[in-house]
Each structure stands twice: as C-alpha cells, then as structure tokens.
Amino acid sequence: MQILSGLSLNDIEKITDSLHASKFRARQIHNWIYLKSVKSIDEMTDLSVKFREELKKVATVTDVKVKVKQESSDGTLKYLLEFPDGECVETVLMRFDNRANLTACVSSQVGCAVNCSFCATGKRGFIRNLTYREIIEQVLTIQRDTGLKVTNIVFMGQGEPLLNLDNVLKAMKIFNENFQIGARRLTVSTAGIVPKINELANLDMQSTLAVSLHAPSHDIRQKIMPIENRYSMEELKNALKNYIIKTGRRVTIEYLLIKDLNDTLESVKKLVEYLHDLKCNINLIPYNPTDKNDYQRPSNNSIMRFKSLLEQSGKKVTVRLERGADIDAACGQLSGKVKN
Ligand code: SAH
Ligand code: SF4
Numbered sequence: 347m348q349i350l351s352g353l354s355l356n357d358i359e360k361i362t363d364s365l366h367a368s369k370f371r372a373r374q375i376h377n378w379i380y381l382k383s384v385k386s387i388d389e390m391t392d393l394s395v396k397f398r399e400e401l402k403k404v405a406t407v408t409d410v411k412v413k414v415k416q417e418s419s420d421g422t423l424k425y426l427l428e429f430p431d432g433e434c435v436e437t438v439l440m441r442f443d444n445r446a447n448l449t450a451c452v453s454s455q456v457g458c459a460v461n462c463s464f465c466a467t468g469k470r471g472f473i474r475n476l477t478y479r480e481i482i483e484q485v486l487t488i489q490r491d492t493g494l495k496v497t498n499i500v501f502m503g504q505g506e507p508l509l510n511l512d513n514v515l516k517a518m519k520i521f522n523e524n525f526q527i528g529a530r531r532l533t534v535s536t537a538g539i540v541p542k543i544n545e546l547a548n549l550d551m552q553s554t555l556a557v558s559l560h561a562p563s564h565d566i567r568q569k570i571m572p573i574e575n576r577y578s579m580e581e582l583k584n585a586l587k588n589y590i591i592k593t594g595r596r597v598t599i600e601y602l603l604i605k606d607l608n609d610t611l612e613s614v615k616k617l618v619e620y621l622h623d624l625k626c627n628i629n630l631i632p633y634n635p636t637d638k639n640d641y642q643r644p645s646n647n648s649i650m651r652f653k654s655l656l657e658q659s660g661k662k663v664t665v666r667l668e669r670g671a672d673i674d675a676a677c678g679q680l681s682g683k684v685k686n
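Just so you know, our numbering puts 402 at position 56 of the sequence shown, and the rest follows in order with no gaps.
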C-alpha cells in the first residue's frame, strides 16, 4: 500500500500510470493532498467513483495517527502524533494576531541527543531521526484537522534539525514546491552544529537560520549547553560570519533568559560584545518551566530591561511571546509524552 502524502508529483504519476489513468489525475491527487489536505481518497470528489475505488486498492492518504489533540486558551493547538512504529512526536500550530499568519512548529527527531539542561526534549535522549515524510505529515495533519493552510514553518519542535539535515532539507524543498510556502517563511533553529552550518552556507538557502546561543560567554554556555564543549561560541561565531557572507542573509540569535543566570547587566554587556560584528536579529525567549530543572523565568521588568539595553547596540530585538504554556506546548516543553 502506498502512502500518498509525502509523494512528489512524479511519484504520484507512477501510481496513476500503473492504473492506466492520465497524468492530469496525478495533478488532481497532488492538489488534494497538499493544497486541500484531504483525510481520505473518498474526499477527492473530482475523481470518478470508479477511479477512487481503484486507487484505494493501492494507496491511502496517511499512516499517521493523531493520538492526542490539545487546545490552549490562547488558541495554540498541540498534536501528539503516532507513527506506525509506535514512536510519537508533537507538532504545534500557533495563531498570531491575524489568521493570515499560521505558524507550524515541527519536530525533526524523536527526542534529542544535544541534551541542553533547560529542555524537556533533551531529557529524553535521542531516539531516532524522522524521515522527511514524517516531518511533512506534521503540517498535513494540522491542515487536515483545521481545514486551514499553514503559512510559516519553524523547525523548533523536538530534535536538532541540523543533526537530521538530509531529511530536513528534503522536507523544506517539499514545503516550498508542493505546499507553496515561500523559502523565506521557513526557519531552521539549531543549537549550533558548526560543520552543518558550514554545509548550509554553501547551499544558498533563502530560509532563516536561527541559532540558540542562550549565553553571553563560554563559561555560562558550558553550564547550560553541553554542545559548547564540542563547538565553542568562538567557532560558532566564525561559522555564522561565513554563513552571513556566503548567503547574504541575516541570522536570528535566540537567547533564552533564565533568572540570575544569564539575565544580568554583565551578561548584556558581554552579549553585545559577542554580537557586535554579526549581522543578526535577536529573539529573547523567557524561560518556560519544565519539571526537569529548577531554573526560573526572570520578571517582566528584568526581561524589558535586558531588551532595552540590548537594543542600544542598534540591533533589532524581539521577545518571543509565550504560546500554549498551559498545554506544555511552549518552547522547550515538548517531551513526546502525554501528561495527566
Ligand atoms: N534543537 C533546536 C530546535 C528546537 S528547540 C534548537 O535547540 O535550537 C527550539 C527553541 O526552544 C530553542 O531555542 C531552544 O533552546 C528553546 N528552548 C528549549 N527549552 C526551553 C525552555 N524550557 N524554555 C524556553 N525555550 C526553550
Ligand atoms: Fe535538543 Fe534543541 Fe532541546 Fe537542546 S534545546 S536538547 S538542541 S531540542
């Protein structure tokens, strides 16, 4: 049995050829899958009933199950999806002020090997990579369930996308070509896998690279992100400079704010120094609590103070809105498990 979602037009043509149908049928099926996001072949109403019956003998729309769906009071939706091997990941849909902007936050791996001290995903360890089809299934699931079209995608769910780069790049190509989501509306967030950033630099991507810096100095970063021992902030900076030169794109620096740990005056100063020669925007992420550690979120006052001091350096700074914290859907809260 073939699974239709995730197939390219070419692949679908192979199926329609085998059923002695025209290439136009393949185009229709392709549109039903990616643009209209149907749940079943029966919903493909511009195909004859007879052809649908034949198609159903050899193909089905999806093999992914929605295990749990939760809705936050702010409208954020979180889905726990189950793949045929029983592994689960979350995917989140954020609706910002207007309906024109629907951002899906997708997972790239089951668990994560990077093990940042503040992150619930990291605590699970690494289980396996997702295939590119499992990545795009997340967006299709959202579209099928809500009947809405996703407009932006961020790789900020479970997993480190640059440690599953082949599948992530394939998924991005399909998001771009089949879902018709512009490359500039795709963002990949990484904990800073230097050799992979160098690889990306040569690809001339139009998508946004976001980097989880989270600390102003080697000492602090080492305490919260073990990856600092592998690829230091200094190496990271060289890789980012190279990336910026080669792609001509500005990067996004993500900075997690943890009370008394990296939100001090001293930290702002060092951060400004580190970033002064990098073409970047800065996204501050106030720490979201997880039950695996005892970090605290800074007060709103100190978040705003940090922001305005940082802005004095002339860079654009935003504070990430907390979304879906009441259903554990906010950054760093995805564990792949259902909590009761
Ligand atoms: N592995 C990638 C992408 C997934 S995590 C990365 O680390 O960049 C998405 C973002 O959520 C990262 O910036 C990550 O550092 C942040 N994050 C992790 N735990 C968090 C927490 N408890 N509160 C707020 N943000 C968190
Ligand atoms: Fe992995 Fe990102 Fe979580 Fe770090 S923050 S453990 S890299 S998912």
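The beta carbon of each residue, even a glycine, is placed where N, CA and C say it ideally should be.
Distance CB(residue i)-CB(residue j) smaller than 7 Å
i    : j    : result
K592 : A547 : yes
M518 : L532 : yes
K587 : N627 : no
R474 : V456 : yes
A537 : I590 : no
G682 : V435 : yes
Distance between beta carbons of residue j and residue i, contact taken as under 8 Å
i    : j    : result
R530 : S563 : 32 Å between Cβ atoms; not a contact.
L602 : F429 : That pair is no contact at about 29 Å.
T497 : N447 : 6 Å
D409 : R398 : D409 to R398, Cβ: 19 Å. No contact.
L426 : L401 : Rounded, the Cβ-Cβ distance is 29 Å, inconsistent with contact.
D672 : S418 : 5 Å
Q374 : D357 : Not confirmed; about 15 Å, so no contact.
S383 : R490 : 5 Å
L549 : V597 : The pair is not a contact, with the Cβ atoms about 14 Å apart (cut-off 8 Å).
Cβ-based neighbour list, residue i, same chain, cut-off 7 Å, excluding 5 preceding and 5 following
i    : result
V452 : T437, I481, Q484, V485, I499, F501 and G503
C458 : T467, G468, F472, Q504, G505 and E506
L381 : none
Alpha-carbon to alpha-carbon, residue j and residue i
i    : j    : result
I688 : K542 : This structure cannot settle anything about residue 688, because the visible part of the chain is limited to 347 through 686.
G678 : G660 : 29 Å
E600 : G670 : 19 Å
N686 : K413 : Per-residue confidence for N686 stands at a pLDDT of 36, beneath the threshold of 50, marking its modelled position as unreliable; no derived number is given.
K403 : K396 : 11 Å
R651 : E657 : 10 Å
V618 : S558 : 16 Å
E359 : T487 : 23 Å
P635 : S535 : 20 Å
S368 : L494 : 29 Å
A676 : A372 : 39 Å
N524 : R643 : 40 Å
Y577 : K616 : 19 Å
L655 : T610 : 11 Å
heavy atom of ligand 2 below 6 Å from residue i C-beta
i    : result
C451 : no
T422 : no
G468 : yes
C458 : yes
A517 : no
A537 : yes
E612 : no
E574 : no
E506 : yes
Near ligand 1: residue i beta-carbon under 6 Å from a heavy atom
i    : result
S419 : no
S463 : no
L607 : no
M571 : no
M390 : no
I631 : yes
M502 : yes
T319 : Since the displayed the chain opens at 347 and closes at 686, residue 319 lies outside it and no answer follows.
Sequence-distant residues of the same chain with beta carbon closer than 8 Å to residue i, five excluded per side
i    : result
E545 : L511
N575 : Q568
V580 : Note that residue 580 is Glu in the sequence shown, not Val. So the qualifying residues of the chain are H564.
I527 : V496, T497, N498, I499 and F521
I349 : A405, T406, V407, T408, D409 and R479
Cut-off 6 Å between Cβ atoms - residues of its own chain near residue i, not counting five sequence neighbours on either side
i    : result
K411 : E428
T664 : N629
N608 : A561 and I566
L439 : L423, A450 and I488
K415 : Y425
G421 : R441
I604 : Y633 and Y641
Test: residue i CB closer than 7 Å to a CB of chain D
i    : result
I543 : Absence of chain D from the displayed structure is noted, only one protein chain being present.
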